[in-house]
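Novice: Supplied in structure tokens, the structure appears directly below.
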Amino acid sequence: MASTQVFCGTFIHSTNKDPLSILENTIIGVERDKIIFIDKEDKIKERLEEYRLSNNTVKHLTSDQFIIPGFVDTHAHAPQYTFCGKGMDKGLLDWLECYTFPTEANFKDPEFARDVYSKVVDRFLKNGTTTASYYATIHKETSILFCKIIDEYGQRALVGKVNVDQKAPEYYIENTAESVAETEEFVKAVTALENPLITPCVTPRFAVSCSEELMREVGQIAKKFHLPIQTHLSECRPECQMVKHVHPKGLNYTDVYNHAGLLTKRTILAHSIYLSDEEIDVIKLKGCGISHCPNSNLTLKSGLLNTRTLLDKNIKIGLGTDIAGGYSPSMLNAIRQTVQVSNTHAILAEKDGKEYKPLNFKEVFRLATLGGSQVLGLSDVIGNFEVGKQFDALIIDPQCTNSAFDLFDSDKTKEDILEKFLFMGDDRNIKSVYVAGRCVYEAGKRVVLSHRDS
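Residue 362 in the UniProt record's numbering sits at position 362 of the sequence shown, with consecutive numbering throughout.
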């Protein structure tokens, strides 16, 4: 890869002020991984001379193509990819017993783990997910193997070795002390990979399957190594009732985590559907982020997250596929389901004679990109196109061979075309996938990287 690249065409991204900003006739210069300039196309000659670049470094997009930030998946269970699309008639707790725990137990086998994890990363990148926050399993060695596979493919990721020391099948319960020790060993092993794109993430599965001692101890590991934390919160009503039984001292579900020291500015709370006002206040005070997983919430009949209310309270929100509770590894599906869930809230509010402003596609596009980067604590690094940020991006081609949708004369603006892509497009329309300035997928095919720094 050339050390400096220049992209010329239309860029579409979000800012904190504007959910949809369209930059037409624009050039973006990328030196290795970082954006070094953003300018109008008529300045291209000056910029090339300034950086002593030849015309060969410029990649010109066609008039229909455009570039968007890479998608950020804030919640995904990598080992569950094997049973995506199965067990969709069950509720969360039954689904865990029938599918999740038996499957995850198989990841003690490195050969099995390598096959599945390779397919997961391949599928996610192919679908434009440049950054993912992954749960692995309780197995330290294959969780480390997963990180090595992510390194090979060039994806950006948070990865957690899962902690479980109670309320799970006997074959999938850890000794508390060993779980803590292996979590720290996992953190050190991932850090030793010296890949800045991969961050170990402390991952107590959820309050039901973790003792207070385990949560407190892994929370200390996160504090010691300045790491993010990911877990589940208030996914379904039966789960919330179980937490009251398992942790009776907690004022509420959120308080159980707060008491254990797990709520920080880098904590990712998946689902968070049934929160009281008091819990929302604590989450906001602590600066935690919420991963909205609409596909899973609907498929497992967990509930409907009210994203508008949380956003109005300035809570950080990103989107998650939550495979395999969610049956699709595509963030496009998460975007579509988020719009539908918000529309459902509007319908229910109207029925009760109340006003409700559903999320529009522009706001949800921001949640899938910049919002996700904020939830993962990476908004200074990725999420949109700004000088100094790393270039994680997708080149979208609406007119590709066998495109998932058609364009007509009435599709006059880039906003029209983006909306069509978000609601109708798929991986066929993703021409190129860039992570930290490197093209890792081209026309749906993996680009084999000789070395991460090449």
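Glycine included, each C-beta is placed from N, C-alpha and C at the ideal position. From a predicted model like this one, the values you see are computed outputs, not experimental measurements.
Judging by CA-CA distance, which residue of L227, P196, I335, G261 is the nearest neighbour of L214?
Specialist: The residue with the shortest Cα to Cα distance from L214 is G261.
Novice: Using only CA atoms, which one of C240, C236, P238, E217 lies nearest to I229?
Specialist: Checked all of C240, C236, P238, E217; the closest Cα to I229 is E217.
Novice: Would P196 be called buried (16 or more neighbouring beta carbons within 10 Å of its own) or exposed?
Specialist: Exposed, because fewer than 16 other Cβ atoms sit within 10 Å of the Cβ of P196.
Novice: Just how far apart, CA to CA, sit I317 and C400?
Specialist: Approximately 32 angstroms, taken between the alpha carbons.
Novice: Sorted by chain position, which residues of the same chain lie with C-beta nearer than 7 angstroms to V208's C-beta, five sequence neighbours on each side aside?
Specialist: Here the set comprises K167, E239, M242, V243, V246.
Novice: Under 9 angstroms between the Cβ atoms of V58 and T129?
Specialist: No, the Cβ-Cβ distance between V58 and T129 is not below 9 angstroms.
Novice: Flag this pair as yes or no: are the beta carbons of V319 and T338 separated by less than 9 angstroms?
Specialist: For the record, residue 319 in the displayed sequence is Leu; it is not Val. Cβ atoms of L319 and T338: closer than 9 angstroms.
Novice: In angstroms, rounded to a whole number, what distance separates the CA positions of G154 and L348?
Specialist: Rounded to whole angstroms, G154 to L348 spans 43 angstroms at the Cα level.
Novice: Under a three-way DSSP split, which group does N438 fall into?
Specialist: The displayed chain sequence assigns Arg, not Asn, to residue 438. Of the three classes helix, strand and coil, the one that applies to R438 here is strand, per DSSP.
Novice: In the DSSP assignment, find the unbroken alpha helix (DSSP H) run with C147 in it and report its ends.
Specialist: Unbroken alpha helix (DSSP H) run through C147: 140–153.
Novice: Please confirm if the region 96–106 is in contact with the region 32–50, defined as three or more CB-CB distances below 8 angstroms between the two stretches.
Specialist: The answer is no - the region 32–50 does not touch the region 96–106, with fewer than three Cβ pairs under 8 angstroms.
Novice: By Cβ distance, which residues of its chain are closer than 7 angstroms to S14, with the 5 residues on each side in sequence left out?
Specialist: Closer than 7 angstroms at Cβ, skipping near neighbours: L20, S21, F365, R366, T369, L370, N384.
Novice: Pull the bridge partners of Y253 from the DSSP assignment, please.
Specialist: Answer by DSSP bridge pairing: none, since Y253 is not bridged.
Novice: Once DSSP output is grouped into helix, strand and coil, what is the label at F385?
Specialist: Three-state DSSP puts F385 in coil, outside helix and strand.
Novice: Compute the distance between the beta-carbons of G9 and I68, then report whether it is under 9 angstroms.
Specialist: No. Outside cutoff.
Novice: With DSSP collapsed to three states, give me the class of Q337.
Specialist: Residue state, collapsed to three classes: helix.
Novice: Return the bridge partner residues of D122 from the DSSP annotation.
Specialist: In DSSP, D122 forms no bridge with anything.
Novice: Starting from C8, follow its DSSP beta bridges and name the residues at the other end.
Specialist: The partner list for C8 (beta bridge, DSSP) reads I27, H60.
Novice: Looking at C-beta atoms only, is the number of pairs between the region 353–365 and the region 296–310 that lie closer than 8 angstroms three or more?
Specialist: Contact holds: three or more Cβ-Cβ distances are below 8 angstroms.
Novice: Determine whether the beta carbon atoms of Y434 and L394 lie at a separation below 9 angstroms.
Specialist: Cβ atoms of Y434 and L394: closer than 9 angstroms.
Novice: The alpha helix (DSSP H) spanning I315 covers which residue range?
Specialist: Counting along the chain, I315 falls outside any alpha helix (DSSP H), and DSSP gives it neither H nor E.
Novice: Which residue from C288, P294, N333, G326 puts its Cα closest to that of N314?
Specialist: Taking only the C-alpha atoms, the option nearest N314 is C288.
Novice: Using 10 angstroms around the beta-carbon of K156, count the other beta-carbons present and answer buried if the total reaches 16, otherwise exposed.
Specialist: Inspection of the sequence shows that residue 156 is occupied by Arg rather than by Lys. The residue is buried, with at least 16 neighbouring Cβ atoms inside 10 Å.
Novice: Using 10 angstroms around the beta-carbon of N16, count the other beta-carbons present and answer buried if the total reaches 16, otherwise exposed.
Specialist: Classification for N16: exposed.
Novice: Report yes if the CB atom of A76 is closer than 9 angstroms to the CB atom of S133, and no otherwise.
Specialist: Yes, Cβ-Cβ distance for A76 and S133 is below 9 angstroms.
Novice: DSSP three-state label for S454, please.
Specialist: Summary for S454: the model assigns pLDDT 43, below 50, so the residue's position carries little reliability, and this model does not support an answer.
Novice: How is S342 classed by DSSP in three states: helix, strand or coil?
Specialist: Helix, per DSSP.
Novice: What would DSSP say about K265, mapped onto helix, strand or coil?
Specialist: If DSSP states are grouped into helix, strand and coil, K265 belongs with coil.
Novice: Does the Cβ-Cβ distance between P200 and V190 come in under 9 angstroms?
Specialist: Yes, these two residues count as a Cβ contact at 9 angstroms.
Novice: Can you name the start and end residues of the beta strand (DSSP E) that H232 belongs to?
Specialist: Counting along the chain, the beta strand (DSSP E) containing H232 begins and ends at 229–233.
Novice: In whole angstroms, what is the alpha-carbon distance linking K161 and E111?
Specialist: K161 and E111: Cα-Cα distance of roughly 18 angstroms.
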